[in-house]
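In what follows, a single structure is set out as structure tokens and then discussed.
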Amino acid sequence: MNAGAPRPPLAARIAAHWRARWKGHLGTLALMVALVAGVQAWQTRHVPGGDAPDLPLQLLMPDGSTQATTLAQWRARFPGQPVALHVWAEWCPICRAEEHSVTRLTHDWPVLTVAMRSGPPAAVARVMRQRQLAWPTAVDARGELAQALGFAAVPAFVVVDADGRLRAPSVGYATELGMRARLWWVRLTGG
2 MNAGAPRPPL
12 AARIAAHWRA
22 RWKGHLGTLA
32 LMVALVAGVQ
42 AWQTRHVPGG
52 DAPDLPLQLL
62 MPDGSTQATT
72 LAQWRARFPG
82 QPVALHVWAE
92 WCPICRAEEH
102 SVTRLTHDWP
112 VLTVAMRSGP
122 PAAVARVMRQ
132 RQLAWPTAVD
142 ARGELAQALG
152 FAAVPAFVVV
162 DADGRLRAPS
172 VGYATELGMR
182 ARLWWVRLTG
192 G
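For the sequence shown, the positions run 2 to 192 when the working numbering is used.
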């Protein structure tokens, strides 16, 4: 380039860079997708396939009341559609980062959250009030529900399809779009 010539705008330089090197960037993108998919497959390797376990639940409702039910009874409130299970803990900073996404998701999809190792119902209710979380939550004080679902870490997310099968599990931070995509995919592919 001539020393006296004006330099092209930044956007034009970036576009030229991408046009010249798109194949290399495509390879890098494919590698990143494969890496993320591999990590997710490893993290969810203990999630059982097939039917969701019909677990007894102690639900903490958004109004602070509690009720005993099972996962199948809760799912029966939403016939013919997939539901999401979101496993979280009050002490988990990544779970805290996902709270707003989960709250927005509950406006459009049935979501049951599981408070893993976060204390008794009163402690979980206090945290939920402080953080203004209006979710139905299964209190999992000892982590038994999360373990039955195959999760040893939080946050975790899994879709239970309309036929009661566990599908599309993930562990670690999930965006709202990622959660919605999993629910849409399960609805689209049936079950």
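C-beta: ideal position from N, C-alpha, C; glycine also.
What are the boundary residues of the beta strand (DSSP E) that residue i is part of?
| i | result |
| --- | --- |
| W136 | Counting along the chain, W136 falls outside any beta strand (DSSP E), and DSSP gives it neither H nor E. |
| P170 | 167 to 172 |
| H101 | Segment 94 to 107 is the alpha helix (DSSP H) holding H101; no beta strand (DSSP E) there. |
| T71 | 67 to 71 |
| H26 | From DSSP, H26 is part of no beta strand (DSSP E) but of the alpha helix (DSSP H) over 11 to 44. |
| F158 | 157 to 161 |
| A85 | 84 to 89 |
| A116 | 112 to 117 |
| L58 | 57 to 61 |
Would the beta-carbon of residue i fall within 8 Å of that of residue j?
| i | j | result |
| --- | --- | --- |
| L106 | L86 | no |
| G144 | P156 | no |
| L167 | V48 | yes |
| Q82 | R188 | yes |
| A126 | L32 | no |
| A149 | P63 | no |
| Q59 | P137 | no |
| S171 | T45 | yes |
| E177 | S102 | yes |
| R208 | V84 | Residue 208 cannot be examined here, being either before or after the span of the chain that is shown, 2 to 192. |
Below 8 Å on the Cβ atoms is my contact criterion, and I expect residue i with residue j to pass it. Report the Cβ-Cβ distance as a whole number of Å.
| i | j | result |
| --- | --- | --- |
| W186 | A169 | 6 Å |
| F79 | P111 | 4 Å |
| L72 | L56 | 5 Å |
Going by DSSP, what residue range makes up the alpha helix (DSSP H) through residue i?
| i | result |
| --- | --- |
| M180 | 177 to 189 |
| L146 | 145 to 149 |
Let me make sure I understand the geometry here. Which of the options has the alpha-carbon closest to that of residue i?
| i | options | result |
| --- | --- | --- |
| T104 | L27, W92, Q133 | Q133 |
| L146 | A42, A53, A6 | A53 |
| V128 | E100, H108, A154, D109 | E100 |
| A154 | A42, A6, C93, D162 | C93 |
| G50 | W19, D162, G179, A35 | D162 |
| D164 | G191, R22, A182 | G191 |
| A182 | G28, R130, D109, R20 | D109 |
State yes or no: is the beta carbon of residue i nearer than 8 Å to at least one beta carbon in chain C?
| i | result |
| --- | --- |
| G25 | This model lacks chain C altogether, as it is built from one protein chain only. |
Say the cut is 7 Å; is the CB of residue i nearer than that to a heavy atom of the ligand SAH?
| i | result |
| --- | --- |
| P137 | Ligands displayed in this structure: none; no statement on the ligand SAH is therefore possible. |
Taking 8 Å as the threshold, find out whether the segment 135 to 144 comes into contact with the segment 115 to 123 through three or more Cβ pairs. With the cut-off at 8 Å, the segment 135 to 144 and the segment 115 to 123 touch.
Checklist line | the segment 84 to 98 contacting the segment 146 to 165, beta-carbon criterion three pairs below 8 Å | finding: Yes, the segment 84 to 98 touches the segment 146 to 165.
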